[in-house]
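Here the sequence shown is numbered in my numbering, starting from 875 and rising by one per residue.
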Amino acid sequence: MSAATKPVKVVTAKPVVAVVGRPNVGKSTLVNRIIGRREAIVEERPGVTRDRKLLDAEWSGREFTLVDTGGWLANDDPLDRQVSAQAERAIKEADLLLVVVDAAVGATDEDERVARLLRRSGKPALLVANKVDSHNRESDAWALTRLGLGDPWVVSALHGRGVGDLLDAVVGLLPPLPEVDETDDAEGVEAEAEPPSVAIVGRPNVGKSTLFNRLVGDERSVVHDMPGTTRDSVDTLIETEMGPLRLIDTAGMRRKARNSEGPEFYSLVRALRAIDKADAAVLVIDASDGITAQDQKLAERIDAAGSPVVILLNKWELLDAEERENVRVALADRLSFLGYAPVLKVSARSGLGVHKLVPALGQAIDAYHRRIPTAELNKVIQDAQLAHQSPTGKVLYATQGATDPPTFTLFASRALPQTYLRYLERKIREHFGFGPTPLKLRVRRRDG
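Now the structure itself:
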């Protein structure tokens, strides 16, 4: 396995608090209440949360990482077993566990199994009796002591009742803060820059989570051959040869008509938000399906966001020579507007070609933030005009007005045809090595 795809260390410094329990007891509602925003997807049916989701949380000045998990179930269903495995992994890695039980229902056989698992783990745990919406329901919570996890903390995650007292207890049980050498601040050390983020996007069931897991070197997202397994955006900070990198595994994008309500709508919203905020995007396409209309629409959405993009043709090993040629032709036809983007032919499952992804992303992210000298930019423009003149106006002066993506303002004597602007863009891209990042050219009229 190459350096780009070998198992890497997941970066974490804050204490970890995992929210666990059987399905549909209100874990995600509690997570949203603690972090103060609707981040975890909530719906009144089991199985909506499937992956572990790591979120930053803070209470009384103490920061910690909150982990929302899928419901733990002891059965032989393959998908349920993967979801349960994610919850078990969260338990193993946590410093503290919040064990959520539906007090209105009482302790079920599944709650008993979860409790046994947690007692065997030896991790400190707080029993959270959820859905206690009034004082009249508090007596129901005390029946949960038979789970052997101590006295319950009575809360209503939906209404916020008792959550503050619970968080006071959480902070009191977190590991002590590491001692800080005061000499570290003597030189005025600057805070570390936020690592670049990469959104992994695509239609359902094209192999995004398989790619994500291979890059992370861990079974971080649930992978199953049922479309739509990932319902939320899952992110992990990893170390790569280009430094820390934040990978965001998003839910598969479907047609809007299918996302008008329910958790899939919120999955779509979060996936689109991940694209808008990311420093780069990886567009995963199932090569065995060809380039579909939905792939094209998603590519247009990435292009509109102005994010650099790497196109990844997954399952390439399944195609014969004729099918591969058909995909190449369809790619040039349907995604011609992403002509600057590198195209990688890979197998996320076997790892074939995946080692090329991180270097391509590094080039794209570097170019996305790059600013070039004005004098050199104008020399490139003047040389391009000497080699090939515009049929209309002339560029008198050029300057880079912004980065993220690199944006250039051309002061011209007259309007310039789009074909000529594409010519100038190509010259700028080739000379400065912008590679797989979008460029924006704006023209302003100036008499000269």
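We treat Cβ as the ideally placed atom computed from N, Cα and C, and that holds for glycine.
Are residue i and residue j closer than 8 Å when you measure CB to CB?
i       : j       : result
ARG1077 : GLN1168 : yes
ALA1272 : LEU1284 : yes
PRO1182 : GLY1117 : no
LEU1048 : ARG936  : yes
ALA977  : ARG1011 : yes
LEU1209 : ALA1178 : no
ALA1234 : PHE1308 : no
ILE1176 : LEU1205 : no
LEU1023 : LEU992  : yes
LEU1121 : ILE1185 : no
LEU971  : VAL894  : yes
ARG1320 : TYR1214 : no
ILE965  : ALA931  : no
VAL988  : ARG896  : yes
LEU1119 : VAL1090 : no
VAL1045 : SER934  : yes
ALA1258 : LEU1270 : no
Taking DSSP as the reference, what is the three-state secondary structure of residue i?
i       : result
GLU932  : strand
ASP1153 : coil
ASN1079 : coil
VAL1184 : strand
TYR1294 : helix
LEU1032 : coil
TYR1242 : helix
ALA1289 : coil
ASP1123 : strand
VAL890  : strand
THR1110 : strand
THR1024 : Per the sequence shown, residue 1024 should be read as Gly rather than Thr. In the structure shown, GLY1024 sits in coil (DSSP, three-state: anything other than H, G, I, E or B).
LEU1172 : helix
ASP1039 : helix
THR1084 : helix
LYS1189 : coil
VAL979  : coil
GLY900  : coil
GLY1117 : strand
ASP1160 : strand
ILE965  : helix
LEU1047 : helix
ILE1074 : strand
GLU1299 : helix
Excluding sequence positions up to five away, which residues of its chain have a Cβ less than 7 Å from the Cβ of residue i?
i       : result
HIS1262 : TYR1297
HIS1243 : THR1277, ASP1278
LEU1245 : As written in the sequence, residue 1245 is Arg, which differs from the Leu given in the question. Around ARG1245: GLN1274, THR1277.
LYS888  : GLU937, PHE938, THR939
GLU967  : VAL890
For residue i, does the count of other Cβ atoms within 10 angstroms reach 16, so buried, or fall short, so exposed?
i       : result
THR1293 : exposed
PRO1312 : buried
PHE1211 : exposed
TRP1016 : exposed
VAL1203 : exposed
PRO1026 : buried
GLY1267 : buried
ASP1039 : exposed
ASP1153 : buried
ASP1150 : exposed
ASP1123 : buried
ALA1249 : exposed
ALA1333 : For residue 1333 there is no data in the structure shown, the boundaries of the chain being 875 and 1322.
LEU1226 : exposed
ASP1207 : exposed
PRO820  : Outside the displayed span of the chain (875 to 1322) sits residue 820, for which this structure offers no information.
PRO1050 : exposed
THR1084 : buried
Please list, in chain order, all residues of the same chain as residue i whose beta carbon is under 6 Å from its beta carbon, the five residues on each side excluded.
i       : result
LEU1187 : ILE1159, ALA1161, LYS1219
LEU1192 : SER1162
VAL916  : Bear in mind that a pLDDT of 38 at VAL916, under 50, signals an unreliable position, so the model cannot answer this.
ASN1252 : ALA1272
THR1114 : VAL1232
SER1264 : LEU1290, TYR1294
HIS1305 : VAL1254
Leaving aside the five residues before and after residue i along the sequence, list all residues of the same chain whose C-beta is less than 8 Å from its C-beta, in chain order.
i       : result
GLY1275 : THR1281, PHE1282, THR1283, ARG1316
GLY900  : VAL974, ASP976, ASN1004, LYS1005, ALA1031, LEU1032
GLU1299 : LEU1313, LEU1315
ASP1007 : SER1030, LEU1032, HIS1033, ARG1035
GLY1081 : VAL1158, ASP1160, ASN1188, LYS1189, ALA1222, ARG1223
ASN1200 : GLY1164
LEU929  : VAL905, ILE909, GLU913, ALA914, THR939, LEU940, VAL941, ASP942
Would you say residue i lies against chain D (beta-carbon separation less than 8 Å)?
i      : result
ASP930 : As a matter of chain content, chain D is missing from the structure shown, which is built from one protein chain.
message = List, from N- to C-terminal side, the alpha helix (DSSP H) runs of 4 residues or more that fit wholly inside the region 1196–1280.
response = Within the region 1196–1280, the complete alpha helix (DSSP H) runs of at least 4 residues fall at 1231–1242, 1248–1261.
Uninterrupted alpha helix (DSSP H) stretches inside the region 991–1022 (no shorter than 4 residues) = Correct list: 1012–1015.
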